[in-house]
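Student:
Number of protein chains: 2
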Amino acid sequence: MSKLVIVGTVAFDAIETPFGKTDKILGGAATYIGLSASNFNVDSAAVSVVGGDFPQEYLDLLKNRNVDIEGIEIVKEGKTFFWSGKYHNDMNSRDTLVTELNVLEHFNPVVPENYKDADVVMLGNLHPAVQQGVLDQMSKKPKLAILDTMNFWMDIALDDLLSVIKNVDVITINDEEARQLSGEYSLVVAARKIHEMGPKYVVIKKGEHGALLFHNGNVFYAPALPLEEVFDPTGAGDTFAGGFAGYLAKTGDFSFENMKTAVIYGSTLASFCVEKFGTERMQNLTDKEIYKRLDQFKSLTQFDIELT
Amino acid sequence: MSKLVIVGTVAFDAIETPFGKTDKILGGAATYIGLSASNFNVDSAAVSVVGGDFPQEYLDLLKNRNVDIEGIEIVKEGKTFFWSGKYHNDMNSRDTLVTELNVLEHFNPVVPENYKDADVVMLGNLHPAVQQGVLDQMSKKPKLAILDTMNFWMDIALDDLLSVIKNVDVITINDEEARQLSGEYSLVVAARKIHEMGPKYVVIKKGEHGALLFHNGNVFYAPALPLEEVFDPTGAGDTFAGGFAGYLAKTGDFSFENMKTAVIYGSTLASFCVEKFGTERMQNLTDKEIYKRLDQFKSLTQFDIELT
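Quick note, the sequences are listed as chains A and B, same order. Residue numbering for the first sequence is 1 to 308, as defined by the UniProt record's numbering. Residue numbering for the second sequence is 1 to 308, as defined by the UniProt record's numbering.
(1) Just checking: is the beta-carbon of B/PHE303 within a distance shorter than 9 Å of some beta-carbon in chain D?
(2) Any chance you could list the alpha helix (DSSP H) runs of at least 4 consecutive residues sitting entirely within the region 252-280 of chain A, in chain order?
(3) At least one CB of chain B closer than 9 Å to the CB of A/VAL274: is that the case?
(4) Note down, in chain order, each residue of its chain lying with its Cβ closer than 7 Å to the Cβ of B/GLU184, except the 5 sequence neighbours on either side.
(5) Would you report the Cα separation of A/HIS88 and A/THR17, rounded to the nearest angstrom?
(6) Hey, A/VAL42 and A/LYS250: beta-carbon distance below 9 Å or not?
(7) Tell me the residue span of the alpha helix (DSSP H) that contains B/ILE156.
(8) Against A/GLU228, what residues of chain B qualify as contacts under a CB-to-CB distance less than 7 Å, listed in chain order?
(9) Helix, strand or coil: how does DSSP classify B/VAL188 here?
(10) Could you confirm whether any beta carbon from chain A is found closer than 9 Å to the beta carbon of B/THR9?
(11) Determine the contact status of A/LEU35 and A/VAL121, defining contact as a CB-CB distance below 9 Å.
(12) Taking only beta carbons into account, state which residues of the region 130-145 of chain B come closer than 8 Å to chain A, listed in chain order.
(13) Between B/PHE240 and chain A, is there a C-beta pair that is closer than 9 Å?
(14) Can you tell which of B/ASP60, B/THR80, B/GLU73 has its C-alpha closest to the C-alpha of B/GLY28?
(15) Could you run through the region 73-93 of chain B and flag, in chain order, every residue whose CB is less than 9 Å away from some CB of chain A?
(16) From B/LEU97 to A/LEU181, what does the alpha carbon distance come to, in whole angstroms?
(17) Are the C-beta atoms of B/ILE171 and some chain A residue less than 9 Å apart?
(18) What separation, rounded to the nearest whole angstrom, lies between the Cα atoms of A/LYS205 and A/PHE244?
(19) May I ask you to verify whether the region 66-80 of chain B touches the region 90-108 of chain B, counting CB pairs closer than 8 Å and requiring at least 3?
(20) Please list the residues of the region 255-266 of chain B that have a C-beta atom closer than 7 Å to any C-beta atom in chain A, keeping them in chain order.
(21) Give a yes or no on whether 9 Å exceeds the smallest Cβ distance from residue 311 of chain B to chain A.
(22) Are the CB atoms of B/SER38 and B/LEU144 within a distance shorter than 9 Å?
(23) Strictly under 9 Å for the Cβ-Cβ distance: is B/PRO55 near chain A by that measure?
(24) Going straight from the alpha carbon of A/VAL170 to that of A/ASN216, what length do you get?
(25) Taking only the alpha-carbon atoms, compute the straight-line gap between B/TYR221 and B/ILE264 and give it to the nearest angstrom.
(26) Can you give me the C-alpha to C-alpha distance between A/LEU187 and A/THR172, rounded to a whole angstrom?
(27) Would B/LEU285 count as contacting chain A if we go by Cβ distances under 9 Å?
(28) By the 10 Å Cβ neighbour count, where 16 or more other Cβ atoms means buried, how is A/GLN302 classified, buried or exposed?
(29) Between B/GLU306 and B/ALA129, what straight-line distance do the alpha-carbon atoms span, to the nearest angstrom?
(30) If the criterion is Cβ atoms closer than 9 Å, does the pair B/ALA262 and B/TYR247 meet it?
(31) Considering only C-alpha positions, which residue in the set B/SER139, B/GLU176, B/LEU147 is nearest to B/PRO199?
(32) In whole angstroms, what separates the C-alpha of A/THR123 from that of B/SER48?
(33) Taking the alpha helix (DSSP H) that A/ALA224 falls in, what are its first and last residues?
(34) How far does the beta strand (DSSP E) with A/LYS86 in it extend, from its first residue to its last?
(35) Should A/MET282 and A/THR234 be called a contact, given that it needs their Cβ atoms to be closer than 9 Å?
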């Protein structure tokens with residue numbers, strides 16, 4: 001069992017989908033990652049910042065799922081990061097309606113003393129300089145550093161991003177972002193170029209089309225579970241990353257073979273996340289539900305072929 | 001070993017992709033299906049029509065791959081069906097530049113006497129009334145009738161299409177067409193609605209995102225092999241269908257479990273088709289190459305999870 005450090009936003013989200021809309025609810029990359037990773041009973045700590053307006057019950061919710069919140073700074077006189085978005089009918093694209101950085105604007109992450117020797121670090125989507133700042137605080141090089149990012153940072157902070165990408169073992173990124181970062185349309189070629197930027201493992205997330213794991217010319221594919229209905233895609237990518245990181249932290253086995261299983265766990269947890277608004281479905285997920293769905297993933301993908 | 005009847009176009013294609021363009025080359029649904037199915041050494045017959053302008057060498061090519069061409073009518077004074085298209089840079093969409101129906105306009109399919117008792121019938125993309133005409137000529141109900149179609153027939157011949165769909169066991173259709181036919185965005189719901197139209201098995205092809213096989217609430221997913229480069233997607237869907245039908249005809253086992261393997265074979269063969277222009281890659285494919293790629297599909301999708 002390895003310790004897991006999670007850095008990312010803890011935030012308010014307001015979400016509109018064809019199925020309805022929410023007021024300000026609990027959101028943020030570190031929240032989704034933490035809730036997802038908590039299913040593996042690892043010792044994890046969230047590193048983030050919130051304002052004085054952030055309800056204690058949200059912090060308690062993370063704490064009760066065994067996510068250490070000592071690293072979540074509370075800026076009493078500040079306001080919590082707020083994002084609002086509206087999904088189009090196909091659920092594959094969305095418009096951002098509001099982004100209020102608030103306390104995130106001057107965020108200096110502080111890794112709790114007890115977590116500076118963590119084996120696994122999950123750098124959720126944030127300014128790459130903040131992600132690097134977390135790596136710099138570690139007392140020893142983590143055995144596995146995983147980075148998630150988005151096109152926004154490629155647009156405004158590419159040098160910082162390329163610099164932190166050099167220092168991680170795994171990058172998780174969506175297909176369009178992989179194309180933007182590499183300048184290549186083919187995901188196979190894009191993965192190879194990103195591999196050359198530093199990460200030994202490249203995970204390309206394709207939303208409803210699943211995820212690809214690349215390593216040294218090898219590739220593994222995890223489908224997304226075909227669902228009757230995607231209710232709210234918010235947080236699915238972070239939930240995937242949290243499941244991936246949580247499973248790897250739990251097993252302490254960072255081989256390609258074990259990463260395949262980690263990708264399946266990530267996809268499995270993400271398939272729950274999209275069933276309800278925000279973090280709702282992730283708050284009370286049971287092991288039994290997870291095992292049942294893993295079984296569905298097996299039926300979905302396993303086949304017999306005798307090669308003669 | 002079951003006999004296989006294939007109906008579809010045998011045609012000239014002229015193709016333009018970002019990698020180059022061709023003159024009039026061999027194309028057509030029945031051509032791709034026949035070449036693909038020929039890898040299973042089944043007794044197959046193509047039912048189609050060509051004009052007097054169609055080169056004997058193309059017919060010989062099919063014959064040499066063990067595809068019976070008695071059912072390919074040659075209208076001496078007529079011209080062969082011609083299609084020309086240009087792919088966009090992403091290879092996922094294309095513009096049709098020319099469609100000349102020619103001899104296809106008055107096509108009356110004739111199933112060779114020796115194939116009227118075939119167990120497997122693959123109805124390639126054609127006017128649904130022609131597809132039904134082939135079924136009507138069978139001396140006994142085939143054990144497995146598979147239908148491929150496209151949005152064009154939904155637009156101009158929906159009643160005929162719904163009528164033939166009632167009479168088949170399997171439909172293969174792409175994701176957008178499944179949505180159009182069912183009026184449902186979710187592919188899970190779309191498959192259920194199409195299932196209610198008749199076919200016990202629904203295969204939804206998602207191009208570079210693989211294919212889904214639905215049956216009675218069960219679902220199986222075959223990814224497409226991630227390729228460095230898609231050179232020419234023309235015929236990939238028909239090649240998929242030909243591999244699917246060919247494997248099922250060879251094994252004579254029409255169970256859901258065996259259909260999973262058939263879908264993997266279909267995806268495997270389609271992954272070759274797109275590597276070169278037109279049918280070029282499919283003309284000299286060896287069993288060794290196919291087995292090697294099947295192995296890649298296994299590595300791509302198989303994983304170990306112990307559920308505790």
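Note that beta-carbon positions come from the ideal geometry of N, C-alpha and C, so glycine has one too. Computed from a predicted model, the values in this text were never measured in an experiment.
Tutor: With the given structure in hand:
(1) The structure shown has no chain D; the protein chains it does contain are A and B.
(2) 256-273
(3) no
(4) ALA190, LYS193
(5) 7 Å
(6) yes
(7) 151-156
(8) SER186, VAL188, VAL189
(9) helix
(10) no
(11) no
(12) none
(13) no
(14) B/THR80
(15) ASN89, ASP90, MET91
(16) 34 Å
(17) no
(18) 12 Å
(19) yes
(20) LYS260, THR261, ILE264
(21) Residue 311 of chain B is absent from the model: chain B starts at 1 and stops at 308.
(22) no
(23) no
(24) 12 Å
(25) 9 Å
(26) 13 Å
(27) no
(28) exposed
(29) 51 Å
(30) yes
(31) B/LEU147
(32) The sequence given here has Leu at residue 123 of chain A, not Thr. Cα to Cα, the separation comes out at about 59 Å.
(33) No alpha helix (DSSP H) holds A/ALA224; DSSP gives it neither H nor E.
(34) 82-87
(35) no
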